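**Student:**
In the UniProt record's numbering, the protein residues as written are 1 to 504.
(1) Report yes if the CB atom of residue 306 is closer than 8 angstroms to the CB atom of residue 429, and no otherwise.
(2) Alpha carbon to alpha carbon, how far is residue 335 from residue 237? Give it in angstroms, no decimals.
(3) Exposed or buried, which one is residue 136 when buried takes at least 16 other CB atoms within 10 Å?
(4) Tell me the DSSP secondary structure of residue 111 in three-state form.
(5) Please work out which residues of its chain come closer than 8 angstroms, Cβ to Cβ, to residue 447, disregarding the five sequence neighbours upstream and downstream, and give them in chain order.
(6) Is it true that the CB of residue 458 sits closer than 8 angstroms to the CB of residue 432?
(7) Check the C-beta distance from residue 100 over to residue 130 and give it rounded, since I have them as a contact under 8 angstroms.
(8) Apply the 10 Å Cβ neighbour rule to residue 197 and answer buried if 16 or more other Cβ atoms are within range, or exposed otherwise.
(9) Does the Cβ-Cβ distance between residue 351 and residue 340 come in under 8 angstroms?
(10) Which class does residue 303 belong to by DSSP, given the choice of helix, strand or coil?
(11) Let me check understanding here. Comparing Cα to Cα, which of 406, 368, 392, 326 lies closest to residue 355?
(12) I'd like to know if the stretch 189–205 and the stretch 164–179 are in contact, where contact means that at least 3 CB-CB pairs between them fall below 8 angstroms.
(13) When DSSP labels each residue in this structure, what does residue 196 get in the three-state scheme?
(14) Please determine, among 320, 343, 309, the residue with the shortest C-alpha to C-alpha distance to residue 328.
(15) Express the C-alpha separation of residue 475 and residue 299 in angstroms, rounding to a whole number.
(16) Please list the segments of the alpha helix (DSSP H) lying wholly inside the stretch 412–445, counting only runs of 4 or more residues, in order along the chain.
(17) Using beta-carbon positions only, say whether residue 165 and residue 35 come within less than 8 angstroms of one another.
(18) Measure the alpha-carbon distance for residue 42 versus residue 304 and round it to whole angstroms.
(19) When you compare the CB positions of residue 377 and residue 388, do they come within less than 8 angstroms of one another, or not?
(20) Residue 141 and residue 71 look like a contact to me (Cβ under 8 angstroms); what is the Cβ gap, rounded to whole Å?
(21) Going straight from the alpha carbon of residue 396 to that of residue 156, what length do you get?
(22) Okay, do the stretch 225–243 and the stretch 286–302 touch, 3+ Cβ pairs below 8 angstroms being the bar?
(23) Here's the rule: buried if 16 or more other CB atoms are within 10 angstroms of the residue's CB, otherwise exposed. What is residue 325?
(24) Pull up the distance between the alpha-carbon of residue 323 and that of residue 223, whole angstroms please.
(25) State the Cα-Cα distance for the pair residue 495 and residue 462, rounded to the nearest angstrom.
(26) Could you name the residues of the same chain whose beta carbon sits closer than 6 angstroms to that of residue 255, not counting the 5 residues immediately before and after it, in chain order?
(27) Hey, residue 434 and residue 465: beta-carbon distance below 8 angstroms or not?
(28) Spatial neighbours of residue 410 within its chain, please: C-beta separation below 7 angstroms, excluding the five flanking residues on both sides.
(29) Between residue 421 and residue 343, what straight-line distance do the alpha-carbon atoms span, to the nearest angstrom?
(30) Among the residues of its own chain, which have a CB less than 6 angstroms from the CB of residue 20, if the five just before and after it don't count?
(31) At which residues does the alpha helix (DSSP H) containing residue 241 begin and terminate?
(32) Measure the CB-CB distance between residue 115 and residue 37 and report whether it falls below 8 angstroms.
(33) Could you pull out every residue in the same chain whose Cβ sits closer than 7 angstroms to the Cβ of residue 55, ignoring the five residues on either side in sequence?
(34) Applying the criterion that 16 or more other CB atoms from any shown protein chain within 10 Å of the CB defines a buried residue, is residue 251 buried or exposed?
(35) From the DSSP output, in three-state form, read off residue 451 for me.
Here it is as structure tokens:
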């Protein structure tokens with residue numbers, strides 16, 4: 001087996017494991033959210049959601065891009081690992097202290113009752129996560145995707161799901177969510193430390209620090225812009241419209257982002273280390289990029305259509321009638337799902353080639369557009385905010401696609417062609433869904449029954465279309481990868497032929 005083919009096969013296997021693990025985790029999140037939404041009020045979700053925003057923002061500085069720098073480096077030595085661990089530990093301690101002391105000021109600014117105590121408690125996450133950064137990066141660098149998927153699923157299912165639901169049922173309200181976050185983080189850290197050993201003696205090597213920080217600095221700048229984009233709408237809503245509105249919008253956003261996270265995480269974790277290994281080969285990078293974009297379009301466009309049409313039933317079944325305000329913001333956000341999923345492919349390519357500073361200013365523009373669009377949109381309520389975010393997503397997709405064109409031999413026409421089969425499948429899915437949904441809503445009163453019948457019917461149409469008419473609905477490279485990823489794994493092993501020995 002050639003080195004190139006071996007890397008391709010490892011990447012495909014990694015993608016399959018990662019998307020399986022992510023799919024299980026998304027399913028768990030939907031189930032946990034459906035239960036906890038009936039146990040905890042939108043206002044309490046909003047308070048904890050604001051605390052999570054503060055945590056995620058601070059993590060950009062505590063991590064300083066050290067993890068991706070470890071994955072991306074061509075040559076990695078123990079001094080890089082020891083320095084990375086020390087940097088993570090020091091920054092974790094620093095930001096845990098800063099958030100604990102700054103909690104009263106943040107609570108006053110956002111005018112949210114109970115936020116101060118929540119912020120001080122969740123600040124412990126910084127200390128816990130500082131022990132996992134290097135180990136997680138080493139697992140990804142070694143392409144141990146099966147292990148990563150297992151850790152993520154176990155820590156969420158046990159740490160967040162079981163703990164959160166139990167405490168929510170016992171009436172602990174927002175503290176059920178806080179404790180769930182802490183226990184998930186702690187279990188994740190324990191598993192990573194046990195499974196992936198690395199030097200844990202505090203040591204700062206000057207040259208290693210500079211080498212990690214060169215890539216990590218650009219990565220962190222881009223993360224700041226991306227964070228502003230991901231949380232800017234929540235900050236505007238929390239400050240201008242209140243905790244209850246933030247709780248409602250947060251659930252709409254969470255539903256929309258789950259499928260994007262499913263494919264985005266799988267592509268990033270499997271393709272980032274693989275692309276980093278061939279970062280100087282423009283032809284291979286371009287081919288991998290177009291294949292990824294095509295797969296995202298094939299999955300994302302039909303899924304976006306389904307979510308927009310089925311939004312009322314999804315909200316009623318999963319959240320209940322008190323959350324009906326989620327429906328329209330969710331539909332608006334779901335309409336931009338393709339752009340959120342597709343830009344992640346460009347993001348992976350750019351980081352793998354080390355062009356982190358070119359990525360950084362584009363992400364800062366994206367972040368500013370989200371905040372500006374959200375602020376203008378909030379005068380029309382949550383719907384206006386959702387439209388502002390959707391427009392910013394389209395602009396970011398175009399900016400990142402343009403950078404991908406710069407870094408590879410890919411042309412704009414190639415990117416457009418990569419979306420063709422996805423658009424075709426999305427159109428047929430839309431027609432099928434509309435027919436089934438109209439018939440079901442006219443004759444069935446149960447939202448659950450409407451959701452199941454329409455969802456299963458549309459899903460069957462997608463599977464049958466791609467199976468019986470692959471030449472129409474799939475690119476040749478997609479057909480080849482589906483064969484490698486799925487079909488060959490389920491073929492029975494051929495029995496070697498035996499011949500009767502002859503006797504002279």
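The beta-carbon is built from N, C-alpha and C at its ideal position, and this holds for glycine as well. These figures come from a predicted structure and were not determined experimentally.
**Tutor:** According to the data block:
(1) yes
(2) 20 angstroms
(3) buried
(4) Coil, per DSSP.
(5) 312, 313, 316, 317
(6) yes
(7) By a beta-carbon distance limit of 8 angstroms, residue 100 does not contact residue 130. Their separation comes to about 15 angstroms.
(8) With a 10 Å radius around the Cβ and a threshold of 16 neighbouring Cβ atoms, residue 197 comes out exposed.
(9) no
(10) Of the three classes helix, strand and coil, the one that applies to residue 303 here is helix, per DSSP.
(11) 406
(12) no
(13) coil
(14) 309
(15) 13 angstroms
(16) 412–418, 420–443
(17) yes
(18) 25 angstroms
(19) yes
(20) 5 angstroms
(21) 30 angstroms
(22) no
(23) buried
(24) Roughly 31 angstroms between the two C-alpha positions.
(25) Per-residue confidence for residue 495 stands at a pLDDT of 46, beneath the threshold of 50, marking its modelled position as unreliable; the derived number appears in the next sentence. Each residue's alpha carbon lies about 34 angstroms from the other.
(26) 330
(27) no
(28) 286, 289, 290, 404
(29) 18 angstroms
(30) Cβ neighbours of residue 20 beyond the five flanking positions: none.
(31) Counting along the chain, residue 241 falls outside any alpha helix (DSSP H), and DSSP gives it neither H nor E.
(32) no
(33) Excluding residues within five positions, the ones whose Cβ falls inside 7 angstroms are 122, 125.
(34) Counting every other CB atom within 10 Å of its CB across the protein chains shown gives residue 251 a total of 16 or more, marking it as buried.
(35) Helix, per DSSP.
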